[in-house]
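In UniProt numbering, the protein residues as written are 1 to 225.
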(Lines of atoms letter the chains of each structure in order from A; the text may use other names.)
(Lines give C-alpha, C1' and ligand atoms only; values in the text may rest on other atoms or scores of the structure.)
Protein backbone atom coordinates (compact mmCIF):
# COMPACT_ATOMS: atom_id res chain seq x y z
CA UNK A 1 0.00 0.00 0.00
CA UNK A 2 1.33 3.43 -0.98
CA UNK A 3 0.23 6.24 1.33
CA UNK A 4 -1.50 9.08 -0.49
CA UNK A 5 0.33 11.90 1.25
CA UNK A 6 3.75 12.51 2.72
CA UNK A 7 3.75 10.80 6.10
CA UNK A 8 6.52 10.90 8.68
CA UNK A 9 6.65 8.76 11.78
CA UNK A 10 9.01 7.89 14.62
CA UNK A 11 9.26 4.43 16.17
CA UNK A 12 10.62 4.20 19.71
CA UNK A 13 11.47 1.52 22.22
CA UNK A 14 14.38 0.22 24.32
CA UNK A 15 17.33 -1.53 22.65
CA UNK A 16 16.14 -5.02 21.74
CA UNK A 17 12.43 -4.14 21.77
CA UNK A 18 11.99 -5.19 18.14
CA UNK A 19 12.16 -1.80 16.42
CA UNK A 20 14.13 -3.21 13.50
CA UNK A 21 11.72 -6.10 12.89
CA UNK A 22 8.55 -4.02 13.14
CA UNK A 23 10.11 -1.19 11.10
CA UNK A 24 11.05 -3.56 8.28
CA UNK A 25 7.48 -4.84 8.03
CA UNK A 26 5.94 -1.38 8.15
CA UNK A 27 8.27 0.17 5.58
CA UNK A 28 7.75 -2.75 3.20
CA UNK A 29 3.95 -2.68 3.60
CA UNK A 30 3.58 1.08 3.16
CA UNK A 31 6.64 1.87 1.01
CA UNK A 32 8.11 4.27 3.54
CA UNK A 33 11.78 5.16 3.60
CA UNK A 34 13.40 3.56 6.66
CA UNK A 35 16.10 5.51 8.43
CA UNK A 36 17.77 3.67 11.32
CA UNK A 37 20.06 5.52 13.70
CA UNK A 38 21.73 2.18 14.45
CA UNK A 39 22.58 1.62 10.78
CA UNK A 40 24.08 5.10 10.57
CA UNK A 41 26.16 4.50 13.70
CA UNK A 42 27.36 1.09 12.50
CA UNK A 43 28.28 2.53 9.11
CA UNK A 44 30.59 5.04 10.77
CA UNK A 45 31.98 2.45 13.19
CA UNK A 46 32.70 -0.13 10.48
CA UNK A 47 34.41 2.54 8.39
CA UNK A 48 36.55 3.38 11.45
CA UNK A 49 36.14 7.08 10.89
CA UNK A 50 37.18 9.49 13.61
CA UNK A 51 33.51 9.91 14.45
CA UNK A 52 33.06 6.14 14.31
CA UNK A 53 35.70 5.60 16.98
CA UNK A 54 33.94 8.09 19.25
CA UNK A 55 30.62 6.37 18.62
CA UNK A 56 32.06 2.91 19.37
CA UNK A 57 33.51 4.11 22.66
CA UNK A 58 30.10 5.45 23.74
CA UNK A 59 28.20 2.33 22.67
CA UNK A 60 30.68 -0.12 24.24
CA UNK A 61 30.23 1.68 27.56
CA UNK A 62 26.44 1.59 27.26
CA UNK A 63 26.24 5.37 26.87
CA UNK A 64 24.14 7.41 24.46
CA UNK A 65 25.94 9.32 21.70
CA UNK A 66 26.10 13.11 22.36
CA UNK A 67 22.93 14.91 21.26
CA UNK A 68 24.57 17.33 18.87
CA UNK A 69 26.42 14.53 17.06
CA UNK A 70 23.31 12.36 16.70
CA UNK A 71 21.11 15.24 15.58
CA UNK A 72 23.63 16.30 12.94
CA UNK A 73 23.92 12.74 11.59
CA UNK A 74 20.19 12.04 11.44
CA UNK A 75 19.03 15.39 10.10
CA UNK A 76 21.63 15.20 7.34
CA UNK A 77 20.25 11.84 6.21
CA UNK A 78 16.65 13.06 6.45
CA UNK A 79 17.44 16.03 4.24
CA UNK A 80 18.86 13.63 1.66
CA UNK A 81 15.46 11.87 1.48
CA UNK A 82 13.78 15.05 0.22
CA UNK A 83 9.97 14.99 0.09
CA UNK A 84 9.62 11.33 1.00
CA UNK A 85 7.49 9.53 3.56
CA UNK A 86 9.70 7.97 6.21
CA UNK A 87 9.86 5.96 9.40
CA UNK A 88 12.62 7.05 11.76
CA UNK A 89 13.95 4.24 13.95
CA UNK A 90 16.02 4.88 17.09
CA UNK A 91 15.89 8.68 17.05
CA UNK A 92 15.16 10.85 19.00
CA UNK A 93 16.44 9.42 22.28
CA UNK A 94 16.51 12.63 24.30
CA UNK A 95 14.25 15.66 24.59
CA UNK A 96 16.98 17.78 23.02
CA UNK A 97 17.02 15.47 19.98
CA UNK A 98 13.21 15.54 19.80
CA UNK A 99 13.26 19.33 19.80
CA UNK A 100 15.90 19.36 17.06
CA UNK A 101 13.72 17.04 14.96
CA UNK A 102 10.61 19.17 15.57
CA UNK A 103 12.50 22.28 14.51
CA UNK A 104 13.24 20.67 11.14
CA UNK A 105 10.21 18.45 10.42
CA UNK A 106 6.58 17.94 11.32
CA UNK A 107 6.27 14.39 12.69
CA UNK A 108 2.82 12.87 12.14
CA UNK A 109 2.96 10.24 14.84
CA UNK A 110 5.17 8.33 17.27
CA UNK A 111 4.97 4.57 17.85
CA UNK A 112 6.32 3.27 21.15
CA UNK A 113 7.16 -0.43 21.56
CA UNK A 114 6.56 -1.13 25.23
CA UNK A 115 8.53 -4.31 26.01
CA UNK A 116 9.49 -5.36 29.59
CA UNK A 117 13.18 -4.88 30.35
CA UNK A 118 13.57 -8.47 31.59
CA UNK A 119 12.38 -9.75 28.21
CA UNK A 120 14.87 -7.50 26.46
CA UNK A 121 17.77 -8.66 28.63
CA UNK A 122 17.02 -12.26 27.69
CA UNK A 123 16.81 -11.36 24.00
CA UNK A 124 20.00 -9.34 23.82
CA UNK A 125 22.25 -11.60 25.86
CA UNK A 126 21.17 -14.51 23.62
CA UNK A 127 21.85 -12.52 20.43
CA UNK A 128 24.73 -13.28 18.07
CA UNK A 129 25.60 -11.24 15.01
CA UNK A 130 27.34 -11.64 11.67
CA UNK A 131 29.28 -8.41 12.02
CA UNK A 132 30.05 -7.67 8.33
CA UNK A 133 26.37 -7.85 7.27
CA UNK A 134 24.56 -7.08 10.52
CA UNK A 135 22.49 -10.29 10.32
CA UNK A 136 21.25 -11.18 13.79
CA UNK A 137 20.48 -14.58 15.31
CA UNK A 138 19.07 -15.56 18.69
CA UNK A 139 20.08 -18.89 20.19
CA UNK A 140 16.65 -19.25 21.82
CA UNK A 141 14.20 -18.55 18.99
CA UNK A 142 16.13 -17.76 15.79
CA UNK A 143 19.32 -19.88 15.88
CA UNK A 144 21.68 -20.23 12.90
CA UNK A 145 21.44 -23.46 10.91
CA UNK A 146 24.97 -24.34 12.03
CA UNK A 147 25.78 -23.22 15.59
CA UNK A 148 28.14 -20.26 15.62
CA UNK A 149 28.10 -19.70 11.84
CA UNK A 150 26.25 -17.27 9.57
CA UNK A 151 23.60 -18.96 7.39
CA UNK A 152 24.60 -17.06 4.24
CA UNK A 153 28.40 -16.90 4.32
CA UNK A 154 29.33 -19.61 6.82
CA UNK A 155 31.51 -17.06 8.61
CA UNK A 156 31.77 -17.00 12.42
CA UNK A 157 29.18 -15.16 14.48
CA UNK A 158 30.15 -12.90 17.36
CA UNK A 159 28.44 -11.36 20.35
CA UNK A 160 28.53 -7.59 20.01
CA UNK A 161 30.32 -5.76 22.79
CA UNK A 162 27.06 -4.01 23.69
CA UNK A 163 25.15 -7.32 24.00
CA UNK A 164 27.05 -8.63 27.02
CA UNK A 165 24.97 -8.81 30.25
CA UNK A 166 26.70 -5.92 32.04
CA UNK A 167 26.50 -3.62 29.03
CA UNK A 168 22.86 -4.53 28.35
CA UNK A 169 21.97 -3.54 31.92
CA UNK A 170 23.78 -0.20 31.52
CA UNK A 171 22.08 0.44 28.17
CA UNK A 172 18.62 -0.17 29.60
CA UNK A 173 19.28 2.05 32.61
CA UNK A 174 20.57 4.74 30.26
CA UNK A 175 17.44 4.38 28.13
CA UNK A 176 15.14 4.60 31.13
CA UNK A 177 16.88 7.69 32.50
CA UNK A 178 17.40 9.65 29.30
CA UNK A 179 14.71 8.45 26.90
CA UNK A 180 11.62 8.09 29.07
CA UNK A 181 11.33 11.90 29.22
CA UNK A 182 11.02 11.83 25.41
CA UNK A 183 7.88 9.69 25.76
CA UNK A 184 6.45 12.30 28.11
CA UNK A 185 7.38 14.99 25.57
CA UNK A 186 5.34 13.16 22.93
CA UNK A 187 2.52 12.26 25.33
CA UNK A 188 1.87 15.98 25.69
CA UNK A 189 1.44 16.03 21.91
CA UNK A 190 -0.94 13.05 22.24
CA UNK A 191 0.95 11.12 19.58
CA UNK A 192 2.45 8.13 21.40
CA UNK A 193 1.04 4.61 21.05
CA UNK A 194 1.79 1.87 23.61
CA UNK A 195 1.79 -1.82 22.78
CA UNK A 196 2.23 -5.28 24.18
CA UNK A 197 5.41 -7.18 23.34
CA UNK A 198 4.10 -9.64 20.72
CA UNK A 199 5.63 -8.80 17.33
CA UNK A 200 2.49 -9.54 15.26
CA UNK A 201 0.36 -7.41 17.57
CA UNK A 202 2.93 -4.63 17.50
CA UNK A 203 2.84 -4.63 13.71
CA UNK A 204 -0.97 -4.73 13.55
CA UNK A 205 -1.39 -1.90 16.06
CA UNK A 206 1.30 0.19 14.39
CA UNK A 207 -0.42 -0.35 11.04
CA UNK A 208 -3.75 0.75 12.50
CA UNK A 209 -2.10 3.91 13.77
CA UNK A 210 -0.44 4.69 10.44
CA UNK A 211 -3.68 4.12 8.54
CA UNK A 212 -5.76 6.26 10.90
CA UNK A 213 -3.22 9.09 11.03
CA UNK A 214 -2.60 9.17 7.28
CA UNK A 215 -6.26 9.33 6.29
CA UNK A 216 -6.19 6.04 4.34
CA UNK A 217 -9.12 3.63 4.07
CA UNK A 218 -9.27 1.84 7.43
CA UNK A 219 -12.00 -0.57 6.29
CA UNK A 220 -9.89 -1.64 3.33
CA UNK A 221 -6.93 -2.33 5.60
CA UNK A 222 -8.99 -4.38 8.07
CA UNK A 223 -10.52 -6.46 5.29
CA UNK A 224 -7.04 -7.34 4.03
CA UNK A 225 -5.84 -8.65 7.41
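All C-beta atoms, glycine included, are put in the ideal place defined by N, C-alpha and C.
When the alpha-carbon of residue 74 is set against those of 154, 88, 29 and 63, the nearest one is in 88. Between residue 171 and residue 18, the CB-CB gap reaches or exceeds 8 angstroms. Contact between residue 60 and residue 162 holds: CB atoms are separated by about 6 angstroms, below the 8 angstroms threshold. If you ignore the 5 residues before and after residue 133, its C-beta comes within less than 8 angstroms of the C-beta of 150, 152 and 153, all in its own chain and listed in chain order.
Burial is judged here by how many other beta carbons sit within 10 angstroms of a residue's own beta carbon; residue 14 has at least 16 and is buried. Residue 126: not part of any beta strand (DSSP E); DSSP gives it neither H nor E. For the 8 angstroms CB-CB criterion, residue 55 and residue 46 do not form a contact. Burial is judged here by how many other beta carbons sit within 10 angstroms of a residue's own beta carbon; residue 142 has fewer than 16 and is exposed. Between the alpha carbons of residue 177 and residue 94 lies a gap of roughly 10 angstroms.
The closest CA to that of residue 128, considering only 179, 118 and 165, is found on 165. Cβ contact annotation for residue 136 (same chain, cutoff 7 angstroms, sequence separation greater than five): 127 and 129, in chain order. For the pair residue 159 and residue 121, the Cα-to-Cα distance works out to about 14 angstroms. Taken in chain order, the complete beta strand (DSSP E) segments of 3 or more residues contained in the region 138 to 166 number zero; there are none.
In this structure residue 140 is not in contact with residue 96, their Cβ atoms being roughly 36 angstroms apart against a cut-off of 8 angstroms.
Measuring C-alpha to C-alpha distances from residue 182 to each of 123, 111, 85 and 157 identifies 111 as the nearest. Counting other Cβ atoms within 10 Å of its Cβ, residue 106 stays below 16 and is therefore classed as exposed.
In this structure, residue 100 places its C-beta atom within 8 angstroms of the C-beta atom of residue 71. Under the DSSP assignment, residue 26 falls in the alpha helix (DSSP H) whose first and last residues are 19 to 30. Around the beta-carbon of residue 146, fewer than 16 other beta-carbon atoms lie within 10 Å, marking it exposed.
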